[in-house]
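These protein sequence lines are chains A and B, in that order.
According to numbering that gives the first Met the number 0, the first sequence is numbered sequentially starting from 0.
According to numbering that gives the first Met the number 0, the second sequence is numbered sequentially starting from 0.
Accompanying notes for the structure given below.
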Amino acid sequence: MESNVMLKNGQGDDRPARIGVYVCHCGKNIADTVDCGKVADAAKDLPFVAASREIQYACSEPGQNEIKEDIENLGLDRVVVASCSPRLHEPTFRQMMTSAGLNPYLLEMANLREQCAWVHMKDRDGATDKAVDLVKMSVARVRGLQPLTEETIPLTKRSLVIGGGVAGIQAALDLADNGYEVVLVEKRPSIGGMMAQLDKTFPTMDCSI
Amino acid sequence: MTDAGRHPNIKLLTLSEVTDVKGYVGNFKVRIRKKARYVDASQCTACGDCAKVCPVVRPDEFNVGLSSRKAIYSPFPQAVPSAYVLNPSECLGHNPAVCAKCVEVCGKKCIDFHMSDEEIEETVGSIIVATGLEPYDPRELDEYGYTRFDNVLSSLELERLVNAGGPTQGHLIRPSDRKTPRSVGFIQCVGSRSARKGGEYCSNICCMNTVKSTLVLKEHYPDIDIKVFYIDIRAFGKGFEDLFKRSRRLGVNYLRGIPGSVEEMPDKSLRIAVENTATGAIEFMDLDMLVLALGVKPSKSTRRLQEMLGLQLTPDGFFLEAHPKLQPVDAATRGVFYAGCAEAPKDVKDSVTQASAAAARAIRLMHKGEITTEPITSVIIEDKCKCCGKCAEVCPYNAITVDVKKKIPAVVNAAACAGCGTCAAECMFDAITMNHFTDEQITGQVNELLAENPEDKILTFACNWCSYAGADYAGVSRLQYPPNARLIRVMCSGRVDEKFIWEGFRKGAPVILVSGCHIGDCHYIDANHWTVKRVEKIHKKMERLGIRKERLQLEWVSAAEGIRWAEVMRALEPLRKSVTKKEIDETVAVLKKQK
Chain A
0 MESNVMLKNG QGDDRPARIG VYVCHCGKNI ADTVDCGKVA DAAKDLPFVA
50 ASREIQYACS EPGQNEIKED IENLGLDRVV VASCSPRLHE PTFRQMMTSA
100 GLNPYLLEMA NLREQCAWVH MKDRDGATDK AVDLVKMSVA RVRGLQPLTE
150 ETIPLTKRSL VIGGGVAGIQ AALDLADNGY EVVLVEKRPS IGGMMAQLDK
200 TFPTMDCSI
Chain B
0 MTDAGRHPNI KLLTLSEVTD VKGYVGNFKV RIRKKARYVD ASQCTACGDC
50 AKVCPVVRPD EFNVGLSSRK AIYSPFPQAV PSAYVLNPSE CLGHNPAVCA
100 KCVEVCGKKC IDFHMSDEEI EETVGSIIVA TGLEPYDPRE LDEYGYTRFD
150 NVLSSLELER LVNAGGPTQG HLIRPSDRKT PRSVGFIQCV GSRSARKGGE
200 YCSNICCMNT VKSTLVLKEH YPDIDIKVFY IDIRAFGKGF EDLFKRSRRL
250 GVNYLRGIPG SVEEMPDKSL RIAVENTATG AIEFMDLDML VLALGVKPSK
300 STRRLQEMLG LQLTPDGFFL EAHPKLQPVD AATRGVFYAG CAEAPKDVKD
350 SVTQASAAAA RAIRLMHKGE ITTEPITSVI IEDKCKCCGK CAEVCPYNAI
400 TVDVKKKIPA VVNAAACAGC GTCAAECMFD AITMNHFTDE QITGQVNELL
450 AENPEDKILT FACNWCSYAG ADYAGVSRLQ YPPNARLIRV MCSGRVDEKF
500 IWEGFRKGAP VILVSGCHIG DCHYIDANHW TVKRVEKIHK KMERLGIRKE
550 RLQLEWVSAA EGIRWAEVMR ALEPLRKSVT KKEIDETVAV LKKQK
């Protein structure tokens, strides 16, 4: 689209943005259903894309290193990882961005596993077309992303435990023994919960209280 | 238990319930109602003089009604705090003319009828939800005769009957004649693994609880005849198979098959009919006593707490963890953790394990004394703000202040803003930017998606917490559906601006789906109410413009509803096919005229 527009790279200077796209095979999880080569090729000529490649396991140490090397060698400043759900690995790749000296919010993920390969296993062409679209959408989005910074706020070093059964008691004791103040709330007149009503407990057959 | 009662770092509040939680990770403001005990717990020595003179007799809940207690009572001998408690709805009152006998005999003068409920406010950085379980109520499954026959007991009642501290000092007796039964039968899966009544899930603990009970009974009464009727015996844990083997070696008879009927005989023993699936034969057996192995249900307080903390539940009604394998004790709400049966049915060992894990996760969050907040918050563009006050009205967190009268532009409290984006979607003047989910970023995705062959594609918006997670769950479950939907993730369905929808139709989208958390389950309190209103508004405009309103769909899919997500996707495909190229062209033309 606006390929003639100068896109700020978010790094403070005004060189045009350089985007890296990585299409993950996830072993066979994605590659069995989606033609990852075709997807990577489709992203190659999109505006501001400087590199678009397949990768075996993006989340693995070697996978992350491969991306980090590209960031360094090709001067990438934005990254699209087309792999699994961001609910799983967005924190992983944000950390990778930070360790490569980039703002973690200049990362975008395309969900090719949970929402593509795994749900269209019998339709390779349909899944590949969808994957191409998802990656193109991610590239469009990553172009528009802006660097953001996290703020730190003070935190109260106390914990509330709701329920005074065996789980609540154990959690409260572990926290308290580590030096944290705990408020333990129990609706009945005594703590103990169900466990207090039991005679012996398996597998050791000892007293519950 | 006593360790928790006397630990200097633990403030123990019994007879207490959380009534409200405000704030966010690191700084939750919690309101707790502490009900009056009417006994000064710090003074009470648990001597029991008060209970001796109390004239009111009631069933003892601790012994599941198998014994009695007074209106002033000790919950059980090892209770913590070790203090008596008075039930005001049972007590005759403090008027000396009526009763007040307990006050007269109390040597420490620690009974106070004027005690009132307290409202307590606490600030905490993290919350551990350990609300436990409710045993299944067997009255619902009355084919086993629990309400009709004296000698049909629940597993919890048996537990109290064989307990040395229980109503019979551990002697097993039949309720009908107080004689020791010569034969006992156990029926497994009462309230579990049934699509009809109770839960469809396995309650995890009942097999081993029965195996344990058979060992306890065989130890006390070596000649007792025990039969266990089961579907499967699940002895999967460490040391479990050993116990199961030991039980069988002691002569306990395990029979695969669940009784079809139970009849009471004249001597109050029970005749059961069961199909022994090993032989295929229907067998009749007479037993002195029958025990129902009760399943586990979520605690009654689950629902209220879920709404208060914005948590999610599985279809079974237990709390849903952030990730089933990688974050099994974290809630999706940051700073909230699960321990014990609140998350799923589990035994003592697993409850303790999860509790320690939850404590470790909470410490990991708190140890630095500060936390980093996500910068995904809304930002006001001051010179565009017309001070109309809409954003402040829709914000579920009251994070926006705007002075409508004095025309002072809106201000966002970034620490209180949770980032749902409803304000940005509702602002009519484009005066609010939602960080990381800006109008440009989202319309960029929409345009790219619809650049080629838009008629083949379904534009889908899904909220991060429920619907996007539900779509992921469909993937994890390998549920197959047509590949024509393309999903745009937003934090909340409340972020889906009207202009994204019009942009989609203008660019030729045949069908648009907006999907969010179920009403009442919204991760941002009630932001999805605004989604409903907005979609209704757009539907009306669509009708006015002659656009079929079915082409904009609104669906609620929770994080646990992978099946539902796949069903929604399958249902959309025929709808998409029904939208012709001509219809799309007409819509595009109508909308162009509008501009």
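The C-beta atom is built at its ideal place from N, Cα and C for all residues, glycine as well.
Treat the numbers as computed from the prediction; the structure is a model and nothing was measured.
Starting from residue i and walking both ways along the alpha helix (DSSP H), at which residues does that stretch end?
i        : result
B/TYR472 : 466-475
B/MET433 : Element bounds for B/MET433: not the alpha helix (DSSP H) but the beta strand (DSSP E), 431-433.
B/LEU243 : The residue you asked about is not Leu; residue 243 of chain B is Phe in the sequence shown. Here the alpha helix (DSSP H) through B/PHE243 covers 239-248.
B/SER350 : 347-365
B/ARG159 : 154-160
B/CYS462 : Segment 457-462 is the beta strand (DSSP E) holding B/CYS462; no alpha helix (DSSP H) there.
If you reduce the DSSP assignment to three classes, tell me which class residue i lands in.
i        : result
A/ILE190 : coil
A/ALA109 : strand
B/GLN552 : strand
B/ILE562 : helix
A/ILE18  : strand
B/GLU447 : helix
B/LEU65  : coil
B/SER202 : coil
B/CYS188 : strand
B/TYR143 : helix
A/ASP209 : Any property of residue 209 of chain A remains undetermined from this structure, which presents chain A solely from 0 to 208.
B/ASP329 : strand
B/ALA484 : strand
B/PHE235 : coil
B/CYS340 : helix
Shorter than 7 Å from the beta carbon of residue i to some beta carbon of chain A?
i        : result
B/SER15  : yes
B/SER41  : no
B/SER596 : The first residue shown for chain B is 0 and the last is 594, placing residue 596 of chain B beyond what the model contains.
B/LEU590 : no
B/GLY190 : no
B/HIS6   : yes
B/LEU291 : no
B/LEU11  : yes
B/PRO482 : yes
B/LYS211 : yes
B/ASP2   : yes
B/ILE457 : no
B/ARG575 : no
B/ARG563 : no
Going by DSSP, which residues form a beta bridge with residue i?
i        : result
B/MET288 : B/VAL183
B/SER15  : B/LYS33
B/GLU282 : B/VAL273
B/ASP382 : Partner(s): none; B/ASP382 has no beta bridge.
A/CYS23  : A/ILE54
B/THR371 : A/THR151
B/GLY22  : B/PHE27
With respect to the beta strand (DSSP E) encompassing residue i, which residues constitute its N-terminal and C-terminal limits?
i        : result
A/ALA50  : 48-54
B/LYS226 : 224-229
A/THR91  : Here A/THR91 belongs to no beta strand (DSSP E); instead the alpha helix (DSSP H) covers 85-98.
A/LEU172 : From DSSP, A/LEU172 is part of no beta strand (DSSP E) but of the alpha helix (DSSP H) over 165-176.
B/LEU512 : 510-515
B/PHE336 : 335-337
B/GLU263 : 260-263
Would a check of beta-carbon distances place residue i closer than 7 Å to chain B?
i        : result
A/THR127 : no
A/MET95  : no
A/ILE54  : no
A/GLY162 : yes
A/PRO46  : no
A/GLN169 : yes
A/GLY62  : no
How would you list, in chain order, the residues of chain E whose beta-carbon sits under 7 Å from the beta-carbon of residue i?
i        : result
A/LEU106 : Any reference to chain E falls outside this structure, whose protein chains are A and B.
Original post:
Which residues, in chain order, does the segment 235-258 of chain B contribute to contact with chain A at a C-beta distance below 9 Å?
Top reply: GLY236, LYS237, GLY238, PHE239, ASP241 and LEU242
Original post:
What are the residues of the segment 172-195 of chain A that lie near chain B, defined by any Cβ-Cβ distance shorter than 9 Å?
Top reply: LEU172, ASP173, LEU174, ALA175, ASP176, ASN177, GLY178, TYR179, GLU180, VAL181, VAL182, LEU183, VAL184, GLU185, LYS186, ARG187, PRO188, SER189, ILE190, GLY191, GLY192, MET193, MET194 and ALA195
Subject >> Interfacial residues, the segment 506-527 of chain B to chain A, with Cβ spacing under 8 Å >> reply: none
Original post:
When Cβ atoms are compared, which residues of the segment 72-103 of chain A fall closer than 8 Å to chain B?
Top reply: SER84, PRO85, ARG86 and LEU87
**OP:** Determine which residues of the segment 168-189 of chain B have a Cβ less than 9 Å from any Cβ of chain A, and write them out in chain order.
**Re:** GLY169
Original post:
Listed from N- to C-terminal order along the chain, which residues in the segment 112-145 of chain B have their beta-carbon within a distance smaller than 9 Å of any beta-carbon of chain A?
Top reply: ILE119, GLU121, THR122, VAL123, GLY124, SER125, ILE126, ILE127, VAL128, ALA129, THR130, GLY131, LEU132 and PRO134
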